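Below: one structure, written as structure tokens.
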Amino acid sequence: NAGVTQTPKFQVLKTGQSMTLQCAQDMNHEYMSWYRQDPGMGLRLIHYSVGAGITDQGEVPNGYNVSRSTTEDFPLRLLSAAPSQTSVYFCASSYSGLAGTTGELFFGEGSRLTVL
Amino acid sequence: AQKVTQAQTEISVVEKEDVTLDCVYETRDTTYYLFWYKQPPSGELVFLIRRNSFDEQNEISGRYSWNFQKSTSSFNFTITASQVVDSAVYFCALRMNTGFQKLVFGTGTRLLVSP
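Chains A and B, in that order, give the protein sequences. According to my numbering, the first sequence is numbered sequentially starting from 1. According to my numbering, the second sequence is numbered sequentially starting from 117.
Next comes the structure, spelled out in structure tokens:
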């Protein structure tokens, strides 16, 4: 049972470098999202998608891009990494993110990113 | 605005003690969902429970129980006879039922259970 798979689990970048965090789910979930976790701040929503071809911004979208070309994949791109993006990133999915559904989120194992 | 407050940053108990993790939420919506997630030292987030705003029945699952009180906007989590394996960070989260839904997380409570 793969569930939500994130890669890489650890990454160190230099300021200004770009990279992509990969997220894949095999549960045929419509809704996928990215959160970042920082000490003392809980988890904050970066971007989300309610289906292939549809994405939108969350609470802290600046510095990140996303796309959703397939139901299964939802990569998160850092175009020019900054030290403020040092964090643990979680990808999550659920059957639906729409109103009227309970939408329990299933999380990946997280990706720890350090930007020097 | 929606907000979740977990005032307890860290709690330390000795094994077999009971412990309650507090969660207070704010929302103007009448329909919403509350969640608890566990994050063990390995880092993954594990779903524990979901409760909708129309169901104020308390729930018990083994050593875990949840007390939902709309009158005080609280959704507290009690672990009875704590065990070392309960050591983790616990997050309470709120989800609305209007438009697109997202989880609003509290800042988490770190529970340390020592033998």
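A virtual CB, placed ideally from N, CA and C, is assigned to each residue, including glycine. None of these values were measured; they are calculated from a predicted model.
Indicate the three-state DSSP secondary structure (helix, strand or coil) for Q85(A) in the structure shown.
Here residue 85(A) is taken as the residue at index 85 of the first sequence, counted from 1. It is helical.
Between the alpha carbons of I176(B) and W182(B), how many angstroms are there, rounded?
Position 60 of the second sequence, counted from the start, is the residue given in the question as residue 176(B). Position 66 of the second sequence, counted from the start, is the residue given in the question as residue 182(B). Distance between the alpha carbons of I176(B) and W182(B): 7 Å.
Quick one, are the C-beta atoms of G53(A) and Q25(A) less than 8 Å apart?
Residue numbering aside, residue 53(A) sits at position 53 when the first sequence is read from its first letter. Residue numbering aside, residue 25(A) sits at position 25 when the first sequence is read from its first letter. No. Outside cutoff.
Compare the Cα-Cα distances from K9(A) to each of L116(A), S93(A), S87(A) and Y95(A) and report the closest residue.
Reading the first sequence from its first residue, position 9 is the one you call residue 9(A). Closest by alpha carbon: S87(A).
Would G159(B) pass as an interface residue toward chain A - the criterion being a Cβ-Cβ separation below 8 Å?
On the second sequence, residue 159(B) is found 43 positions in, with the first residue counted as 1. So, interface residue.
Exposed or buried, G178(B), counting other C-beta atoms within 10 Å across all chains shown (16 or more means buried)?
Here residue 178(B) is taken as the residue at index 62 of the second sequence, counted from 1. Residue burial is scored here from C-beta neighbours: G178(B) has fewer than 16 other C-beta atoms within 10 angstroms and is therefore classed as exposed.
Whole angstroms is fine: what's the gap from S189(B)'s alpha carbon to A204(B)'s?
Locating residue 189(B) in the second sequence gives position 73, counting from the first residue. Locating residue 204(B) in the second sequence gives position 88, counting from the first residue. Near 24 Å, if we compare the C-alpha coordinates of A204(B) and S189(B).
Rounded to whole angstroms, what is the Cα-Cα separation between L219(B) and Q17(A)?
Taking the first residue of the second sequence as position 1, residue 219(B) is located at position 103. Taking the first residue of the first sequence as position 1, residue 17(A) is located at position 17. Computed Cα separation, rounded: 30 Å.
Going along chain A in order, which residues have a C-beta closer than 8 Å to the C-beta of R144(B)?
In the second sequence, counting from the first residue as 1, residue 144(B) sits at position 28. Chain A residues near R144(B): none, gap ~15 Å exceeds 8 Å.
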